[in-house]
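In the numbering used here, the protein residues as written are 1 to 347.
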Amino acid sequence: MSLQHHLRHLIEDRATLSRESARELMQQILAGQLTEIQIAALVGALAARGETPEEVAGFVDVMRAAATLVPLDPEEQALLVDTCGTGGDASRTFNISTASALVAAAAGAAVAKHGNRAITSQCGSADVLEALGIPVDLAPADASAALRRHRFAFLHAPSLHPAMKAVMPVRRALGVRTVFNLLGPLTNPAGASAQVMGVYAQHAVPLVARTMALLGTRHAFVVHGTAELPDGTIRGLDEISISGPTHLAEVRNGVVTLFTLTPEDVGLARAPMETLVGGSAAENAAILTAIFSGESGPRRDIVLLNAAAVLVAADLSPDINTAVALAAHTIDSGAVTKLLDQLRSGT
1 MSLQHHLRHL
11 IEDRATLSRE
21 SARELMQQIL
31 AGQLTEIQIA
41 ALVGALAARG
51 ETPEEVAGFV
61 DVMRAAATLV
71 PLDPEEQALL
81 VDTCGTGGDA
91 SRTFNISTAS
101 ALVAAAAGAA
111 VAKHGNRAIT
121 SQCGSADVLE
131 ALGIPVDLAP
141 ADASAALRRH
151 RFAFLHAPSL
161 HPAMKAVMPV
171 RRALGVRTVF
181 NLLGPLTNPA
191 GASAQVMGVY
201 AQHAVPLVAR
211 TMALLGTRHA
221 FVVHGTAELP
231 DGTIRGLDEI
241 SISGPTHLAE
251 VRNGVVTLFT
261 LTPEDVGLAR
271 APMETLVGGS
281 AAENAAILTA
291 IFSGESGPRR
301 DIVLLNAAAV
311 LVAADLSPDI
321 NTAVALAAHT
331 IDSGAVTKLL
341 DQLRSGT
């Protein structure tokens with residue numbers, strides 16, 4: 001069917017796309033068959049009505065098929081976990097999900113950390129890892145070798161999703177969140193079957209979780225944290241929060257469970273969001289180094305909490321409470337610092 005047909009039904013009838021129709025439209029986008037105006041009209045119509053899990057899954061199917069894949073066996077993919085989130089929460093925190101990924105890898109998880117350089121923040125995951133001396137633009141074969149040797153590799157999104165260059169002008173011109181904000185974190189090029197994915201808004205939690213269920217994700221947490229600021233306003237962040245309640249969805253073998261978690265639920269102290277603010281790549285690298293070297297306080301606590309979710313998603317711990325203790329032991333044993341040294345040297 002033509003784009004005009006789909007737009008008419010989306011806008012006039014507020015109809016939804018089937019997964020197959022979403023696939024067809026995404027194929028047209030990546031093949032350059034739609035103009036920028038047509039792409040903007042499509043994603044704008046979806047955003048105005050609210051995307052469905054079937055629509056997002058259809059887009060993801062095509063994006064995964066177009067990706068440059070990291071060569072791994074299915075048995076290896078089944079063990080992988082990712083911590084890529086949507087970003088875009090304007091929270092100015094340091095690189096919490098990247099720190100959590102390193103802790104989880106040092107604790108025994110196999111982490112294929114998908115990410116990018118800074119887009120809406122001062123410092124993206126690639127930026128802070130590079131500041132730590134870790135290679136961030138690995139060729140696919142080198143990424144698979146790093147995963148086998150160290151249980152950690154960074155997967156640079158622009159290098160492994162070259163077809164997505166077609167939509168970058170539209171994303172920049174629109175300047176608002178669309179379905180494209182969700183696609184990157186759902187298209188891990190190494191085929192990770194487990195994930196902790198932070199999202200920019202609470203309404204995206206069930207949407208993404210149900211999309212993951214359709215995609216066959218083995219075990220995942222979709223999270224959106226909150227924090228009350230001094231003026232009483234509530235700020236959201238795409239991490240599990242120690243500054244307020246976090247809205248989560250656990251996805252396990254096709255079943256989605258929604259729940260709320262507070263830092264007190266796992267024995268951690270609540271702390272104001274201002275204590276978690278980061279800065280440049282060098283400043284954030286220094287924060288991570290301090291945490292891994294034994295610094296206590298809110299920055300360590302939020303890394304423990306988010307790393308705990310990764311360990312549960314990777315099936316290395318039965319619950320978040322137990323996993324917090326495992327993450328703490330991993331840092332205190334020096335295992336994360338040792339992993340960083342190995343990643344820097346490649347040995």
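Cβ coordinates follow ideal geometry from the N, Cα and C atoms, glycine included.
Among the candidates the options, whose CA atom is the shortest distance from the CA of residue i?
i    : options                  : result
P230 : L215, P272 and F259      : P272
L34  : S97, A90 and V170        : V170
R23  : L7, V266, A65 and V223   : A65
F292 : A104, L69 and G50        : A104
A107 : A145, A192, T98 and L316 : L316
A327 : A313, L305 and K338      : L305
A313 : L69, A48 and L79         : L79
A157 : T68, A31 and Q38         : T68
E75  : A192, L258 and G244      : A192
Since residue i and residue j should fall inside the 8 angstroms C-beta cutoff, what is the C-beta to C-beta distance between them, to a whole number of angstroms?
i    : j    : result
A45  : L10  : 4 angstroms
V179 : G85  : Not a contact, Cβ separation roughly 16 angstroms.
E130 : A286 : Not confirmed; about 14 angstroms, so no contact.
N95  : V43  : Actually they are not in contact, since the Cβ atoms of N95 and V43 sit about 28 angstroms apart, beyond 8 angstroms.
P71  : T211 : Not confirmed; about 26 angstroms, so no contact.
Looking only at DSSP bridge pairs, what is residue i linked to?
i    : result
T93  : V277
L80  : A110
H219 : A194 and R252
H247 : H224 and T260
Taking the straight line between their C-alpha atoms, what separation do you get for residue i and residue j?
i    : j    : result
A143 : A309 : 24 angstroms
E55  : R19  : 5 angstroms
A204 : A41  : 21 angstroms
V81  : Q195 : 5 angstroms
R344 : V324 : 26 angstroms
A99  : R149 : 19 angstroms
R117 : G124 : 4 angstroms
V355 : L183 : This structure cannot speak to residue 355, because the chain is shown only from 1 to 347.
A153 : K113 : 6 angstroms
R299 : A173 : 35 angstroms
L214 : R49  : 20 angstroms
G216 : T322 : 26 angstroms
L132 : L339 : 12 angstroms
A269 : R92  : 21 angstroms
G58  : A166 : 18 angstroms
R235 : G267 : 22 angstroms
D332 : A290 : 12 angstroms
L248 : H224 : 7 angstroms
Mind checking residue i: buried by the 16 CB within 10 Å criterion, or exposed?
i    : result
L276 : buried
T260 : exposed
M164 : buried
P318 : exposed
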